[in-house]
Structures are given as structure tokens and as C-alpha cells.
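*Asks:* Keeping their order, the protein sequence lines are chains S, H, D, B, E and X. Counting along the first sequence from 1, when you hit position 45 you're at 44 in numbering that gives the first Met the number 0, and nothing is skipped either side. Counting along the second sequence from 1, when you hit position 59 you're at 58 in numbering that gives the first Met the number 0, and nothing is skipped either side. Counting along the third sequence from 1, when you hit position 75 you're at 74 in numbering that gives the first Met the number 0, and nothing is skipped either side. Counting along the fourth sequence from 1, when you hit position 71 you're at 70 in numbering that gives the first Met the number 0, and nothing is skipped either side. Counting along the fifth sequence from 1, when you hit position 35 you're at 34 in numbering that gives the first Met the number 0, and nothing is skipped either side. Counting along the sixth sequence from 1, when you hit position 20 you're at 19 in numbering that gives the first Met the number 0, and nothing is skipped either side. All C-beta atoms, glycine included, are put in the ideal place defined by N, C-alpha and C. What follows is a structure written as C-alpha cells; I'll ask about it next.
6 protein chains.
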Amino acid sequence: MIYATRRATFNAAHRLYNPVLSEEENYKIFGKCSNPNWHGHNYVLEVVVAGDIDPATGYLIDLKILRDIIEEHVISHVDHKNLNIETEFLRNKIPTAENITIGIWNQLVNRIPKGKLYSVKLCETENNYFEYKGETI
Amino acid sequence: MIYATRRATFNAAHRLYNPVLSEEENYKIFGKCSNPNWHGHNYVLEVVVAGDIDPATGYLIDLKILRDIIEEHVISHVDHKNLNIETEFLRNKIPTAENITIGIWNQLVNRIPKGKLYSVKLCETENNYFEYKGETI
Amino acid sequence: MIYATRRATFNAAHRLYNPVLSEEENYKIFGKCSNPNWHGHNYVLEVVVAGDIDPATGYLIDLKILRDIIEEHVISHVDHKNLNIETEFLRNKIPTAENITIGIWNQLVNRIPKGKLYSVKLCETENNYFEYKGETI
Amino acid sequence: MIYATRRATFNAAHRLYNPVLSEEENYKIFGKCSNPNWHGHNYVLEVVVAGDIDPATGYLIDLKILRDIIEEHVISHVDHKNLNIETEFLRNKIPTAENITIGIWNQLVNRIPKGKLYSVKLCETENNYFEYKGETI
Amino acid sequence: MIYATRRATFNAAHRLYNPVLSEEENYKIFGKCSNPNWHGHNYVLEVVVAGDIDPATGYLIDLKILRDIIEEHVISHVDHKNLNIETEFLRNKIPTAENITIGIWNQLVNRIPKGKLYSVKLCETENNYFEYKGETI
Amino acid sequence: MIYATRRATFNAAHRLYNPVLSEEENYKIFGKCSNPNWHGHNYVLEVVVAGDIDPATGYLIDLKILRDIIEEHVISHVDHKNLNIETEFLRNKIPTAENITIGIWNQLVNRIPKGKLYSVKLCETENNYFEYKGETI
């Protein structure tokens, strides 16, 4: 079993905000991340697929195919978007990096033709990264 | 003469939009960067100061002082902000990386106590960087 | 279960030296890393916490809280310090990256309020990294 | 149990080409990667070893020893080489990153004197990485 | 005057070889870089354009236009190519990073519609970079 | 005229301390950087040489020759050393990054056989960089 990673990037606006709470409560929890005028990030995404090598090609999966799947099912939904307003797969979720990471997993998990989705990693800033492997506690 | 650089980062939302043009004209010029729902970036800023070394300290300038000047006059105006709405020094400017870079120069140029502001560099994405040295053509 | 990583940096001096051995034996084992006049590094630390997401916040843990825990229990003990002389949690340990990594784990393992410490990673140079997950062989 | 990683780099030429298929079929599968005039990469290799710490040294393994093993058994076979023609351990393999990664594992797995080979990671471009841990499906 | 940089990457094979010299003389000058079976690199290219800002757009130049010019006149000639055999703009040149850098400058210098080509930077390995500004000694 | 850069790294201990001042005055100026027990850094050095290309080789200078000059005249004097005690070319200098950068320039300026030393850059931390070009004010 080999692991292959494809990296992609997107730029988006968001705001950390729980609509059942007041602005003051949101500010207390999220600080400047709850700014009602939004802020944004350059997100770096890494999608890891695991499986065995096809002897005819030496590939686990053609990473250009994986790139296109990521483009269609993830990047086109988030790049240059407002994650609170425009991203269907984050509807009714607070767009923290944790929820974005799991949302991306759910977009991809049934769409990898060869190999199996192993991990989704998301870097929100150079100091904060997140990873989801589909595990439950 | 030695050059000393201090690096800082900030996260912000913006939209490329010229208010004298229609939405359609803005879209034609700026594409998805004109999304009315905003998008955003992790900006990386490098401020370069030039001058001679103080023999008593071996410093051009204490970079902690430079860090605090950058924090007060730049970062606090742009970090977790909407650059179109909330940043006074970009008022009436389209917040392209070019205009942000020059705006940051103008915020800093008269506030460096030792040495002289030499250059402001701004990285908007991993593929696009900008630099301003106060030169006129 | 999601994994969240917080990155931090510190600068320190150290020397690889086993006090039960002679200077010559230390030099034979550790080479220039045993220089009695010390050398040092910019260490990059990554702390990985695992757990489930709080639905009220969308966070595993507020990474600003994790940052403050790392600052109080790790960074303040090692940044701009001599790891052989000044770091209590490395007392009687040879300050190899391996021992520093495990020492940092021990500083943090009972102090993460939400989620569970999953991994401590330490980068000593651009070619040498270390990771500890609390596993025993 | 601690994990120690040593990073190394090499530059090589290759071509993705299955000799049992025609040039046209190779082009259909591999695109410009099947260019008969070759192309090449700066590969970044990370070798991860796992084991316990020797109390006399504080080391899992002296990484200079690991560096020399990687140099002798991997780098000298691939650096500034043509991977299709000149690398014995890739003979009769299509030199995809997947097959190079597994070939490197096989070169190293029985040659680590302390600790156990845990993982081989190979970065072929800034967007494509691969990892092998000796697992079978 | 502002400087805008666009970054691009390409992967290529090459060989350092002066055809007027023998294989032995080439090996003496270029060492393993003269391997007749080729080797290759992931090249990182940065193209710097200088000029003033268009007040209607806030742009020096739309970097998507610059990206397309670089793609058409540089990347399509070098990516996944053999630089000794297939790249017209390097014909009769030894494809050292110095000559590639100047060749790229010549491809671009008359094709920048707004602003002026200021600099071409080329990173061949993580330790070796090159820059050309069209200067003569 | 082309510019060629060679990158190198070294690890060292130092302390910012002016011996004509008291410990208290040193602490007031340099803060934790004046720790009498030392601290240290992974320094990244970039040496830029400028000149014209030798048509016989396509090189400005063989970067392996430049690497060896840097190793002999810089790295061997600073790597795994205490910069206050052991580095002859910093004697009677406070080893700030500014003074280290100029010291490295002085070590190299008359030792480049082809081309001319153009710039010495030194990165002390990921946020602080320095450059010297031999200019006087």
C-alpha cells in the first residue's frame, strides 16, 4: 500500500460566527475572527489517497485525475468564495478550519476512482494545520 | 550601509472593485477577484530598512522596535479586516496588492527612527509578489 | 476525530555531552556537536492535538489557548536558553532533539484541556526532524 | 518509541514509459511525462526511522550514520542519473514516484543498524508527494 | 514605480556539455552534470516586471496576462522537455542555469504589454539561484 | 552581467553583549539575547556573485568552487561554534546578524576568482534577514 498526496490551494473569505449566539458572545469566543466585515486566507489543501500500484502504469492513481476531482468537487466551491455564504457543502456549519477539512473529506470520499481517500490536510495559516482521516472517536 | 528586513503576516478580506464601473465591467477586468461576497488572503509582508550600524549595539535598528512600528501602523489596520471597508490608509483605493504595498510604504516611511525605509515587499499568493521602493518613473 | 496542529519556534544553545564520559569520548560520539563552547539552533515545534469538534464553536480546541499553553509550559523554558543548564525539564538528560521532543511531550501531555495530545514534532535543522507520540515499544 | 527523519535530495532524469505498450499508448497514459527525450526533477527524500533512545547517547540513531547509509544505498544510485537506464534497483520498473519510493524502501529496509525503517517519503514536485511504510493491503 | 513578480515552475532534463570538447574534458569541467544519459530539475522561475499603476485597475499588469505570456513563450518550450535537444531558444547554448535565465529574458523582453521586464530569476536547486536584469558589464 | 547565488547553512551559539557595558545595561539593550548562558540559531547564508558568462562553460563561476570558498573561509569558522569566543573574523565585534553579515563579506570579497562579490544575505530567524553589498553611506 502506497500513499499519494496532491496539493492544491484556494483563497477565500470567512467569518467565525455561530448564528444562535449574539455578536457579543461570538466576539467573546472567536475574537477578531468574528469580524462581521469578514477576513480571509490562502488555504493549502493536501489530499492523501492510499492503495496499491497498478503494474501497467506504476501509478496508484494518475494525479492529474485526482487534481481534476479536487478541482471539480472542492476548489470550484471555495476558491475566491465566501465560505459562510457561497459554499453549499459548508451550509449550516461554522467555517472553522476543522469544519472545512471535514466538509472537503465528505466531498471527496466517494469520488476517488482508484485507491481510497486516506486523509485531508488543511493549512489555514503558517502556524495552524488540520487533518481528518474519517475516524470516529 | 546594511539592509535589515522584518517579516510579518496578516489575514484579510478584500474585493477588487472600481466603484465608477458597473459590476459587469468589474467582472470583466477582475474576474472572480471582484466577487461581491469577498475573498481573502494570508499576506506576507517584508519591510526593509537601510542604514549604518550603531557601534554601541551592533544593530542597524532593534528589530523589536521595527516590529512594533509595523504592528501599530500596518498590522493593526489590516489584520482580520476587510481592506475595502475598514482600512483607512486604503480609502478610495482599489485594494490590489500594488495599492496595498504602496499604502504600507506611506504608513511607514516617516516612522522609522533609525535607518531609512528602503523597500516594502508583499506576497499575496505563493505565485504573486510585489515590491515598492518609493521610486517614481 | 480531527487533528489540529499548532506551530511555534524557539532559539536555544546546547551541547551534546554525556557527563559520565570524558571529553574525548564525547567528541568521538558527538563530534562538533559536543563543542564545549556550545552551538545552537532555531527549533521549529509542532504540537498535534486530537479529539472531536465542539458543535457550539466548530473548534477542536481554540488554538490561541493551545498557543498559550505551549508558550507557558514549553517556550518560556527553552527560548533564548541554554538547554543543558537552564531547562528544568531536560535536567540530567543529554539535550538531543530526541530528548527535547520527549521532554516537551511530558510538559504538555496533562495540560491540554480539550482533545488529547497526539504528537510532538521537532525540527532541529532543515534535514533532521523528530516525532514522539507517547508510544512505548 | 521515537521517530527520526533524515532529509536528502537528488536530481535525476526519467521518462514514464511501459515498454510493452506503443509510444501512442504510452503518450495516452502518461502524456508529456512519456517524452522520449526525457525530463527530470529535483526529488526530496525523507527517510523515517523508529525505535527507542540509547540512554548513553540520547540518540535513536546517529543521523550522520543514517545520512551515510542513504548516500551509499540510495543517492549514489539516483543523483544526476537517468532512472530508466542507470538505476539498478529500478530495473524493469516504470520509474513513477510510487515505484521510486518503494525501490528506496527496499534499498534501506535491511540496512538500518539501530531502529527500524518506518517510512520513506518522496516529493517529486511541490504538488505531488508519496509515502511507503512497507504495508501490504 | 512598482515591481510585480509572477512565479512559475517547470520540470526538464538537461546535460552540461560543450560539443567542441571531448567527453573527458566535459567531465572534467562539469562532473556528473555532464552525464550523457541526462539528469533533470524542477526549475522555479520568477519574472519581475516594473512600471506604474493603472489608476483604473490598481494593477501594474494583470498577472493572469503575465502568466499567459510566460506560459506561451517560456513554459511551453521547456516544461517536460530536454533543454539540449528540444528548446529552440537554447539552441547552440550549453543549458546552464545562467544561459537558461538569459534565454528566458530574451523570450520575454519584448512581449510585456504594460510595464517593463525588470528581472528574471531562476532557481535550479534549493542551493543555487540565478538572476538576470539585462545589464551589460 | 548575471547574478549567481549559492546558499549555505550553519548552526552557532552567540550572545549579544557589549563588554564595555554592565550586565544590566546589556540586558536593557538586548533583552533575552544577552543571556550569559548563550542561545543559538540555524543561520541561512546566501552569497551572490555577479559577472559575465564564460562562453566555454556557460558558467559565471562553477558554484562548486564558490561552495568550497564559502566552506573554507566562512562555514568552517562559524558552524557549531560560539561566535563570541571562537570566530576570529568577529573578534571585538558584537555578533549581531548585521556584524556577522559584514564579517562574512570581508572574508569573501577578495577570494572570488571569477565574478565579483555582489551581496551577502543572512537569515537569522524566519522573521529577520540582513543584506550587505559593500556600500558605504
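(1) Give me, in chain order, the residues of the same chain whose beta-carbon lies closer than 8 angstroms to that of Val108/D; leave out the 5 immediate sequence neighbours on both sides.
(2) To the nearest angstrom, report how far apart Glu130/B and Leu89/X are at their CA atoms.
(3) Give a yes or no on whether the minimum CB-CB distance between Thr100/D and chain B is below 8 angstroms.
(4) With DSSP as the reference, label Lys132/H as helix, strand or coil.
(5) Run through chain X and tell me which residues come within less than 8 angstroms of Lys80/D, C-beta to C-beta.
(6) Shortest alpha-carbon distance to Trp139/B belongs to which of Thr135/E, Ala11/E, His72/E and Ile101/E?
(7) Which residues in chain X have a C-beta closer than 7 angstroms to the C-beta of Thr56/E? List them in chain order.
(8) How would you list, in chain order, the residues of chain X whose beta-carbon sits under 8 angstroms from the beta-carbon of Ala12/D?
(9) Alpha carbon to alpha carbon, how far is Glu45/S from Asn91/X?
(10) So is Ser75/B buried or exposed if we call it buried at 16+ other beta carbons inside 10 Å?
(11) Report yes or no: is there a C-beta of chain B within less than 8 angstroms of the C-beta of Tyr128/D?
(12) Apart from the five residues just before and just after Ile103/D, which ones in its own chain have a Cβ nearer than 6 angstroms to its Cβ?
(13) Going along chain B, which residues have a C-beta under 9 angstroms from Thr135/D?
(14) Which residues, taken in chain order from the segment 103-128 of chain E, show a beta carbon closer than 8 angstroms to some beta carbon of chain X?
(15) Under a Cβ-count criterion, where at least 16 other Cβ atoms within 10 Å of its own Cβ denotes burial, should Lys31/B be classed as buried or exposed?
(16) Please confirm whether Lys92/X has its beta-carbon closer than 8 angstroms to some beta-carbon of chain H.
(17) Tyr42/B and Glu123/B - do their beta-carbons sit closer together than 8 angstroms?
(18) Between which two residues does the beta strand (DSSP E) carrying Thr4/H extend?
(19) To the nearest angstrom, report how far apart Val19/X and Ile84/X are at their CA atoms.
(20) Name the DSSP bridge partner or partners of Gly39/H?
(21) Does Asn81/D pass the burial test, meaning 16 or more other C-beta atoms within 10 Å, or should it be called exposed?
(22) Which residue wins for smallest C-alpha separation from Asn164/B, given the options Thr95/B, Val48/B, Asp61/B and Tyr58/B?
(23) If you draw a straight line from the alpha carbon of Val77/S to that of Ile111/E, how long is it in whole angstroms?
(24) Can you tell me whether DSSP reads Gly114/E as helix, strand or coil?
(25) Relative to the C-alpha of Val48/E, which residue among Arg5/E, Glu125/E and Ile93/E is closest?
(26) Going straight from the alpha carbon of Gly39/X to that of Leu121/X, what length do you get?
(27) Using 8 angstroms as the threshold, is the C-beta distance between Asp51/H and Met0/H below it?
(28) What three-state label does DSSP hand Ala55/H in the structure shown?
(29) DSSP on Thr124/B, reduced to helix/strand/coil?
(30) Taking C-beta to C-beta, are Glu97/X and Tyr58/H nearer than 8 angstroms?
(31) When you check each C-beta in the segment 15-28 of chain S against every C-beta of chain D, which residues fall closer than 9 angstroms?
(32) Among residues of its own chain, excluding the 5 on either side of Thr86/H, which ones have a beta-carbon nearer than 7 angstroms to its beta-carbon?
(33) What's the gap between the Cα of Glu23/D and the Cα of Ala55/B?
(34) Report the three-state DSSP secondary structure of Lys31/X (helix, strand or coil).
(35) Give the single residue among Ala7/D, Ile28/D and Tyr2/D whose Cα lies nearest to the Cα of Asp53/B.
(36) Going by DSSP in three states, Val77/H sits in which element: helix, strand or coil?
*Replies:* Put simply:
(1) The residue given as residue 108/D occupies position 109 in the third sequence. Answer for Val108/D: Leu116 and Gly133, listed in chain order.
(2) Walking along the fourth sequence from the start, residue 130/B turns up at place 131. Walking along the sixth sequence from the start, residue 89/X turns up at place 90. Near 45 angstroms, if we compare the C-alpha coordinates of Leu89/X and Glu130/B.
(3) Locating residue 100/D in the third sequence gives position 101, counting from the first residue. So yes, Thr100/D belongs to the interface.
(4) Looking up residue 132/H in the second sequence gives position 133. Note: Lys132/H maps to coil in three-state DSSP.
(5) Your numbering for residue 80/D matches position 81 in the third sequence. Those within 8 angstroms of Lys80/D in chain X are Asn34, Asn36 and His38.
(6) This structure cannot speak to residue 139/B, because chain B is shown only from 0 to 136.
(7) Taking the fifth sequence and counting its residues from 1, one reaches residue 56/E at position 57. Result: empty, since nearest Cβ-Cβ is about 32 angstroms, beyond 7 angstroms.
(8) As a first step, residue 12/D is located in the third sequence; it is residue number 13 there, counting from the start. Ordered by position in chain X, the residues that pass the 8 angstroms Cβ test against Ala12/D are Ala12, Asn36, Trp37, His38 and Gly39.
(9) Position 46 of the first sequence, counted from the start, is the residue given in the question as residue 45/S. Position 92 of the sixth sequence, counted from the start, is the residue given in the question as residue 91/X. Answer to the nearest angstrom: the Cα atoms are 50 angstroms apart.
(10) Taking the first residue of the fourth sequence as 1, we reach residue 75/B at position 76. Exposed, by the Cβ-count rule.
(11) Looking up residue 128/D in the third sequence gives position 129. So yes, Tyr128/D belongs to the interface.
(12) On the third sequence, position 104 is the one that residue 103/D refers to. Here the set comprises Val73 and Val119.
(13) Indexing the third sequence from 1 puts residue 135/D at position 136. The contacting residues are Met0 and Asp51.
(14) Glu125, Asn126, Asn127 and Tyr128
(15) Here residue 31/B refers to the residue found at position 32 of the fourth sequence. The residue is exposed, with fewer than 16 neighbouring Cβ atoms inside 10 Å.
(16) Residue 92/X sits at position 93 when you count from the first residue of the sixth sequence. Chain H contact via Cβ: present.
(17) Translated into the one-based positions of the fourth sequence, residue 123/B becomes position 124. Translated into the one-based positions of the fourth sequence, residue 42/B becomes position 43. Yes.
(18) For the purposes of this step, residue 4/H is identified with residue 5 of the second sequence, where counting begins at 1. First-last of the beta strand (DSSP E) with Thr4/H: Ile1 to His13.
(19) The residue given as residue 19/X occupies position 20 in the sixth sequence. The residue given as residue 84/X occupies position 85 in the sixth sequence. Near 16 angstroms, if we compare the C-alpha coordinates of Ile84/X and Val19/X.
(20) As a working note, residue 39/H is residue 40 in the second sequence. DSSP, once it has assigned bridges, lists Ala12/H as partnering Gly39/H.
(21) For the purposes of this step, residue 81/D is identified with residue 82 of the third sequence, where counting begins at 1. Asn81/D comes out buried.
(22) No statement about residue 164/B is possible, as the shown extent of chain B runs from 0 to 136 and does not include it.
(23) Residue mapping note: residue 77/S aligns to position 78 of the first sequence, counting from 1. Residue mapping note: residue 111/E aligns to position 112 of the fifth sequence, counting from 1. So the alpha carbons of these two residues sit roughly 32 angstroms apart.
(24) To locate residue 114/E, count along the fifth sequence from 1; it is residue 115. Three-state result, Gly114/E: coil.
(25) Counting from one through the fifth sequence, the residue named residue 48/E turns up at place 49. The candidate whose alpha carbon is nearest that of Val48/E is Arg5/E.
(26) Residue mapping note: residue 39/X aligns to position 40 of the sixth sequence, counting from 1. Residue mapping note: residue 121/X aligns to position 122 of the sixth sequence, counting from 1. The straight-line gap from Cα to Cα measures roughly 14 angstroms.
(27) Translated into positions along the second sequence, residue 51/H becomes position 52. Translated into positions along the second sequence, residue 0/H becomes position 1. Going by C-beta atoms, Asp51/H is nearer than 8 angstroms to Met0/H.
(28) One-based indexing of the second sequence puts residue 55/H at position 56. Ala55/H: coil per DSSP, three-state reduction.
(29) Position 125 of the fourth sequence, counting from 1, holds the residue named residue 124/B. Residue state, collapsed to three classes: strand.
(30) Counting from 1 along the sixth sequence, the entry for residue 97/X is found at position 98. Counting from 1 along the second sequence, the entry for residue 58/H is found at position 59. Their beta carbons are under 8 angstroms apart, which means Glu97/X touches Tyr58/H by this criterion.
(31) Leu15, Asn17, Val19, Leu20 and Ile28
(32) Looking up residue 86/H in the second sequence gives position 87. These residues qualify, in order along the chain: His76, Val77 and Lys80.
(33) Taking the third sequence and counting its residues from 1, the one referred to as residue 23/D is at position 24. Taking the fourth sequence and counting its residues from 1, the one referred to as residue 55/B is at position 56. Each residue's Cα considered, the two are about 15 angstroms apart.
(34) The count along the sixth sequence starts at 1 and reaches residue 31/X at position 32. Helix at Lys31/X.
(35) Start at 1 with the first residue of the fourth sequence, and residue 53/B comes out as number 54. The candidate whose alpha carbon is nearest that of Asp53/B is Ile28/D.
(36) As a first step, residue 77/H must be located in the second sequence, where it is residue number 78. Val77/H falls in the helix class under three-state DSSP.
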